[in-house]
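Written below as structure tokens is the structure these notes are about.
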Amino acid sequence: MTTRILALRTTDSAPVDATIDELPALLADPTTLVWVDMLDCGESDRRILEGIFKFHPMVVEDMLADAPTPKLERFDGYLYIVFHALLTGWEKSHELPIGDLDVMLGRNFLLTSHSKLIASVENAWTQVRKKPELMRKGTAYVAYLIADVLSERYLPLMEKLDHEIDALETSIMKDPGPHLLQQIMDLKHKLQRLRRVGLHQREVLNRLSRGDREMEIIPEDVRPFFRDAYDNFVRVVDLNDSFRDIVSSSMEVYLSMQGHKLNEIMKVLTLISTIMLPLTFIAGVYGMNFENMPELHMRWGYYGAWTAMLVTAVGFFTYFKRKKWL
Amino acid sequence: MTTRILALRTTDSAPVDATIDELPALLADPTTLVWVDMLDCGESDRRILEGIFKFHPMVVEDMLADAPTPKLERFDGYLYIVFHALLTGWEKSHELPIGDLDVMLGRNFLLTSHSKLIASVENAWTQVRKKPELMRKGTAYVAYLIADVLSERYLPLMEKLDHEIDALETSIMKDPGPHLLQQIMDLKHKLQRLRRVGLHQREVLNRLSRGDREMEIIPEDVRPFFRDAYDNFVRVVDLNDSFRDIVSSSMEVYLSMQGHKLNEIMKVLTLISTIMLPLTFIAGVYGMNFENMPELHMRWGYYGAWTAMLVTAVGFFTYFKRKKWL
Amino acid sequence: MTTRILALRTTDSAPVDATIDELPALLADPTTLVWVDMLDCGESDRRILEGIFKFHPMVVEDMLADAPTPKLERFDGYLYIVFHALLTGWEKSHELPIGDLDVMLGRNFLLTSHSKLIASVENAWTQVRKKPELMRKGTAYVAYLIADVLSERYLPLMEKLDHEIDALETSIMKDPGPHLLQQIMDLKHKLQRLRRVGLHQREVLNRLSRGDREMEIIPEDVRPFFRDAYDNFVRVVDLNDSFRDIVSSSMEVYLSMQGHKLNEIMKVLTLISTIMLPLTFIAGVYGMNFENMPELHMRWGYYGAWTAMLVTAVGFFTYFKRKKWL
Amino acid sequence: MTTRILALRTTDSAPVDATIDELPALLADPTTLVWVDMLDCGESDRRILEGIFKFHPMVVEDMLADAPTPKLERFDGYLYIVFHALLTGWEKSHELPIGDLDVMLGRNFLLTSHSKLIASVENAWTQVRKKPELMRKGTAYVAYLIADVLSERYLPLMEKLDHEIDALETSIMKDPGPHLLQQIMDLKHKLQRLRRVGLHQREVLNRLSRGDREMEIIPEDVRPFFRDAYDNFVRVVDLNDSFRDIVSSSMEVYLSMQGHKLNEIMKVLTLISTIMLPLTFIAGVYGMNFENMPELHMRWGYYGAWTAMLVTAVGFFTYFKRKKWL
Amino acid sequence: MTTRILALRTTDSAPVDATIDELPALLADPTTLVWVDMLDCGESDRRILEGIFKFHPMVVEDMLADAPTPKLERFDGYLYIVFHALLTGWEKSHELPIGDLDVMLGRNFLLTSHSKLIASVENAWTQVRKKPELMRKGTAYVAYLIADVLSERYLPLMEKLDHEIDALETSIMKDPGPHLLQQIMDLKHKLQRLRRVGLHQREVLNRLSRGDREMEIIPEDVRPFFRDAYDNFVRVVDLNDSFRDIVSSSMEVYLSMQGHKLNEIMKVLTLISTIMLPLTFIAGVYGMNFENMPELHMRWGYYGAWTAMLVTAVGFFTYFKRKKWL
Ligand SMILES: [Mg+2]
Ligand SMILES: [Mg+2]
Ligand SMILES: [Mg+2]
Ligand SMILES: [Mg+2]
Ligand SMILES: [Mg+2]
Ligand SMILES: [Mg+2]
Ligand SMILES: [Mg+2]
Ligand SMILES: [Mg+2]
Ligand SMILES: [Mg+2]
Ligand SMILES: [Mg+2]
Ligand SMILES: [Mg+2]
Ligand SMILES: [Mg+2]
Ligand SMILES: [Mg+2]
Ligand SMILES: [Mg+2]
Ligand SMILES: [Mg+2]
Ligand SMILES: [Mg+2]
Ligand SMILES: [Mg+2]
Ligand SMILES: [Mg+2]
Ligand SMILES: [Mg+2]
Ligand SMILES: [Mg+2]
Ligand SMILES: [Mg+2]
Ligand SMILES: [Mg+2]
Ligand SMILES: [Mg+2]
Ligand SMILES: [Mg+2]
Ligand SMILES: [Mg+2]
Ligand SMILES: [Mg+2]
Ligand SMILES: [Mg+2]
Ligand SMILES: [Mg+2]
Ligand SMILES: [Mg+2]
Ligand SMILES: [Mg+2]
Ligand SMILES: [Mg+2]
């Protein structure tokens, strides 16, 4: 695991790197802002989490494990937030590669912990180093910088899903087949998963942006920023609901197209049978071996039989034409 | 981009045009009412938005971008409202052409910003110029004038959708075919989109019309006006829900009609097969070449065979008639 | 338009007719109870509504137009209520003929406005004339008298719908056909519309009957009366929900019956084909013209062939019997 | 109608029967507990209800009529509760025989009114007579005694429904037919009705058991008893929801089984047709009367034809075997 | 039945076993923590429950019976909680073997009662004996120790269900048959049951973990622990909802696959019929016995007939190939 620390003292013009050993002193000074970012932290970090930060044991346990859903819990002196970030490479993945981001937000410290590299954290780290004034706006603002990019990164996913669904609908109308069923089910699984993430994450961001008393750790002027991230998840959840509805409908369209094909096949079968069976019957009649069959001895009998058969065929054909079966 | 400004001083009898340079002075006077309308504003307008109006950076960011959904946010000194307006030409469009309308509503100023021409804004601008007393009722009332027309313009859309759905239902009963599936899906997409817009817009108007403390910027006597616009969206959402239900049902009707057609086709096939196969069999029997076949040598054998065949045919025909298959 | 006015002074033993000109004086006296009933009011009545009653302009606009849904709005000094009444003749109508009833309820006045004759208003008018003590209970009680009958008149509609749905279910089981699909869709449309009316009207009556501070215009002892009307709409909405569910299920039953019929048809086709095709084949074999076919020359060959055919037919028949296809 | 009265004075060791004439005196003494049970009360009882008890006219009207749903209304001095009791004999009934039980619960009186005999009332009456200490716990406790048995009597109904649904599912898998559709619809109707009763009754019991200020007529220590009855309806509603879901699914299983049967039938038809048609064709070829057909004159021609036919038949048979159609 | 008691006095270093007779004294001392665990308690334990603990009679009744759902009730001096624990051996069971765990949580006592062995109780008992400091954190913490394991034991069940559903989906795509319908229904039953348990249990844990005044028996610092168990049920309910959706969809996929198979079968039937019927007809024509049939006497007539038949066959075959039916 790797831990990196950024500290911004009121006397410094820019944040500086710090070590774990300096942490207690930094945290003790309420005017110093500290951001600790832990990659892939494990049991060995309990010393920092429980010893230095005095986090509640349950928070530490959750940090060291995978959280099933985004959540927000309020403790004395800090908020514990779990975000779910879309991991890089999701465009090529068949599944939704999502990674936990544990955030502990105190008045003068921010601790982020994740087991995978998370683009929005990297982005915020870089920005904060380049523009110290961003960090000077407080730890909540830095948390927003992360949440902002993290939430915006879900929007291209929604667009990709939109295109996939459009393509699916076109395929169903053009060439319905069982391979599309697999696609539909895969989409449903993805949308289900995204829905679970989206609903909880939206709720977390809603609580962070609301002017609630319980969120007093977030300064009033930073809350609108979280509303911006919240808006993105309003959109994610809205679209997800629409997509689910459309995908369900597309299953019904699939069934309709299948029924349509069956009808087409049956029409051909019925057409051929209905024309051929009477003809075969007529031929069968004149294939009988009765001694006394006057038609057989007529000069134009054979041609008469052909005429009868043609008339029958044309008759049925016209009938079907009128019924719009051809 | 174009910015136009209308200012109404207590000493003036009618609102007058103003320039951006006059803005700071106008806004500083609490008795002067100012309406700034920006068409297609961009980065270059940050000076006005952040410098003169001191809007929260997040509001400015949202204004310069497209908002996914209507929303209402409360800031110190102003409300930030995003409306979604139906754009002119929607009647001929296959999609729902919707444009953002960002509204910043302060006690003595109203700022509207949009990237497309919006009929309800034009309408209010014209009205206000003609009847200064409308503007004198305050900025909230002018915002209502816009919201009123904007919301009413959704009602003809609902009527058009109603007619489309009625026509769809008729087509399904008369001539079901895969082209209707495409129509059903298009309708579903449209209704989904309209639902997202309608639900959020209804909520925004509800909050504007409620006597909440948080909406203190809207004078008590102006709130019932917003309730009027709210009523329109109650209707939009109600109808949208009904339409969704009806369109879903029409898919089931489609499947039923398809099944009905299949049954009809199968009846014909079964009828023809059931009558023809036994006849062909009888003909086949007397086409056999056995030496010892007494019937062949009977004088009326051939006619007997015809009789047998006729009786069989009539028998089956009667059977089907009774089963109501003909 | 027609306006009739009934005024009950504390000194009078019964309500007396009054004219529009007397209205201002009557309303000015808080101990006099006034009921104004307007039929088909229009622009020319603005004088009364805005001039005499001082209603909010938005209320007047709503009164002069059709309201999309029942609603209840509270203003200083009066409540504005929109009821939706089932119009006489609904039993014979294919649609749901519903008419707006606008009610303005003040402490000493009641104004009712409607463009169609409404039975519950007529009923209350007659009752109040006959029994002055009813009017003496206050304007809210008179409003209840109207709401009571108005809400009760929905119950026979629910019964009629119940019977229609029962009849539909029976038809589907007995004789499913596309004409029932039309019936199902018509029912769905009606239930959708009734649901929109029912939900809003129930909510209106709920608010009127609740002991809320905001409903201070309704005396405490009159509220239970509105609860009685509320109960009726609880029932309307409950039944409507059940009906919707049952009608949806009946569509599925329809599809099942259609499938059942298809299976029956296919059984007949399969039965006939399966019995006839082998027989025809056997006949075909002995219709071949090979020189060397010993069976043809046998004395009992012909009868042997018949036996073979019979055995085959009986064999298949027994097979189907066992498969329970006959 | 029959009215019976039970009165328990603080000085008596057991409740004693009383007459209607003694009622006013009994009710006037706050230390005496009175239970009035009215069977099939009618207009003639208005004297008791309005005269002696001073019930609100709306309550009296409701008592004399059938209530559509269970409900709870709070009046000064008493609660008006409508329960829906499962009537004896429900096990054999096709419908859900449910009877109203109107309960007026005052501090020192309990009035129960019903038009059918209700087991839970009988049970409580008997118990209270046998064990006076039960009545001494107060009128609310006696009301609980009734609600307890009344709610428990719904549980065997849920078990019966569970068994019916299990049996239905088995039937669908084994022998699907249209008679099951009728059963499914009957179950749906029953579950719909039970749902309406269950939801409202659960809500009534919830309000009775909650420590709300508005329920001050129920002593704190009696509330947990109502929670016991509430639990039963939590279960009724939970199971009802599950049952509805399962019954809906069973309709889909029915459709699947129907489709399965169709597939089976079509397989047989296809098998027979596919084997027989080519054979018949071969026989037809050698039934042609061309002069120049060398095969006809070959010595083993006939046997060669048989061989060709056998090979064809075996070929198709093997093909189907491989396709797993046999 | 068996009862075991663990008591931790402030003066003791570790909890010690105690007997029922010592209970009253132990409970009387507010500094002593007592855990009473009752296995399979019955009527004979009323003495302990009502006599010593003074539990509300309704609580005692519930304890001695099976609770339909998890629940939480608050009494003076203790909380009554019903958990539903997954019993050991669930992996091999076809049903969901679930056992009640009744928990009475007082400030200085914890009473657990269950009729089956419950792993999470055993686990906590062992832990507490080994590490007395766990018990010293209070009775609420010991209750958490139980709830923690109890809730975690549901997670492997969710995983197993996930795998079962994945396997089901694969089977449906590969080899749809009626046996899968049974599997689908079994899964639905299981998920329904789990949903009932999950929703109520989640709500119970939510209330235990919330900082509500009514839960004052749970110390502030223990609440986050219950949130941990709560998180597990958030996951159980979330997954359950997804599973239900996926299982419902898989029914639709099943129907689609069935339709697909029908289409395949019909294609074969149509193909064979359409090729064979015309050939048989041609053979039939030349099997006619007309005297005057020139073709019969032509030298290459027979071969011409074959050619005609081949051309017809190839024609239809090509047609189907183009229609993508082969
Ligand atoms: Mg973690
Ligand atoms: Mg952003
Ligand atoms: Mg941004
Ligand atoms: Mg990211
Ligand atoms: Mg799309
Ligand atoms: Mg934004
Ligand atoms: Mg914008
Ligand atoms: Mg308007
Ligand atoms: Mg207007
Ligand atoms: Mg517009
Ligand atoms: Mg319509
Ligand atoms: Mg209006
Ligand atoms: Mg009106
Ligand atoms: Mg009534
Ligand atoms: Mg009445
Ligand atoms: Mg009426
Ligand atoms: Mg019915
Ligand atoms: Mg009533
Ligand atoms: Mg469906
Ligand atoms: Mg009654
Ligand atoms: Mg009980
Ligand atoms: Mg009991
Ligand atoms: Mg009973
Ligand atoms: Mg069951
Ligand atoms: Mg209980
Ligand atoms: Mg128990
Ligand atoms: Mg845990
Ligand atoms: Mg643990
Ligand atoms: Mg366990
Ligand atoms: Mg899965
Ligand atoms: Mg946890």
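Residue numbers (our numbering), protein chains in the order written: chain A, 61 to 386; chain B, 61 to 386; chain C, 61 to 386; chain D, 61 to 386; chain E, 61 to 386.
Note that CB positions come from ideal geometry on N, CA and C, so glycine has one too.
Cα-Cα separation between residue i and residue j, rounded to whole angstroms
i, j, result
"E:SER309", "A:GLN252", "12 Å"
"A:VAL209", "D:ALA227", "56 Å"
"B:GLN243", "D:ALA145", "50 Å"
"C:ILE225", "A:MET317", "31 Å"
"C:LEU339", "C:VAL345", "10 Å"
"D:GLU110", "D:MET123", "11 Å"
"C:ASP69", "C:ILE108", "Looking at the sequence itself, residue 69 of chain C is Arg, so the reference to Asp does not match. Cα to Cα, the separation comes out at about 21 Å."
"D:LEU259", "D:LEU299", "12 Å"
"C:ILE141", "B:PHE293", "18 Å"
"E:PRO192", "A:HIS116", "20 Å"
Nearest candidate by alpha-carbon position, reference residue i, set the options
i, options, result
"A:GLU182", "A:ASP126, A:LEU83, A:LEU66, A:ARG107", "A:LEU66"
"B:LEU247", "B:ALA365, B:LEU156, B:LEU93", "B:LEU156"
"E:HIS154", "E:LEU171, E:CYS101, E:LEU221", "E:LEU221"
"D:ALA207", "D:VAL371, D:VAL313, D:PRO130", "D:PRO130"
"C:MET275", "C:HIS260, C:ILE325, C:GLY111, C:TYR138", "C:TYR138"
"D:ALA78", "D:VAL94, D:THR148, D:THR70, D:ASP89", "D:VAL94"
"E:LYS234", "D:ALA74, D:LYS384, D:ILE141, D:SER73", "D:LYS384"
"B:PRO90", "B:PHE169, B:LEU268, B:GLY375, B:SER173", "B:PHE169"
Own chain partners of residue i with C-beta closer than 7 Å, once the 5 adjacent residues on each side are dropped
i, result
"E:PRO279", "GLY198, ALA200"
"E:VAL76", "ALA67"
"D:PHE303", "LEU221, ILE225, LEU251"
"D:GLY159", "ALA145, LEU147, HIS174, SER175, LYS176, ILE178"
Chain-ordered neighbours of residue i on chain C, where CB pairs are closer than 7 Å
i, result
"D:ALA200", "Within chain C, no residue comes near D:ALA200; the closest Cβ sits about 21 Å away, beyond 7 Å."
Amino acids of chain B, ordered along the chain, whose beta-carbon sits closer than 7 Å to that of residue i
i, result
"A:VAL345", "ALA343"
Cut-off 6 Å between Cβ atoms - residues of its own chain near residue i, not counting five sequence neighbours on either side
i, result
"D:VAL257", "HIS144"
Residues that residue i contacts on chain E, provided the C-beta gap is smaller than 7 Å
i, result
"D:GLU351", "LEU356, HIS357"
Taking only beta carbons into account, state which residues of the segment 318-332 of chain D come closer than 8 Å to chain E, listed in chain order.
Listed by position, the residues of the segment 318-332 of chain D near chain E (Cβ gap below 8 Å) are GLY319, HIS320, LEU322, ASN323, MET326, LYS327, LEU329, THR330.
Can you give me, in chain order, the residues of the segment 192-224 of chain B that have a beta carbon less than 8 Å from any beta carbon in chain A?
Against chain A - using a Cβ distance shorter than 8 Å - the segment 192-224 of chain B contributes no residues.
What are the residues in the segment 128-141 of chain A lying within 8 Å of chain E by C-beta distance?
Listed by position, the residues of the segment 128-141 of chain A near chain E (Cβ gap below 8 Å) are PRO128, THR129, LYS131, GLU133, PHE135.
Of all the residues that make up the segment 265-296 of chain C, which are near chain D by a beta-carbon distance shorter than 7 Å?
Residues passing the 7 Å Cβ filter: PRO284, PHE285, ARG287, ASP288, ASP291, VAL294, ARG295.
Closer than 7 Å, Cβ to Cβ, to anything on chain D: give me those residues from the segment 365-376 of chain E, in chain order.
Cβ contacts with chain D: ALA365.
When you check each C-beta in the segment 295-309 of chain D against every C-beta of chain E, which residues fall closer than 7 Å?
Listed by position, the residues of the segment 295-309 of chain D near chain E (Cβ gap below 7 Å) are ARG295, ASP298, SER302, ASP305, ILE306, SER309.
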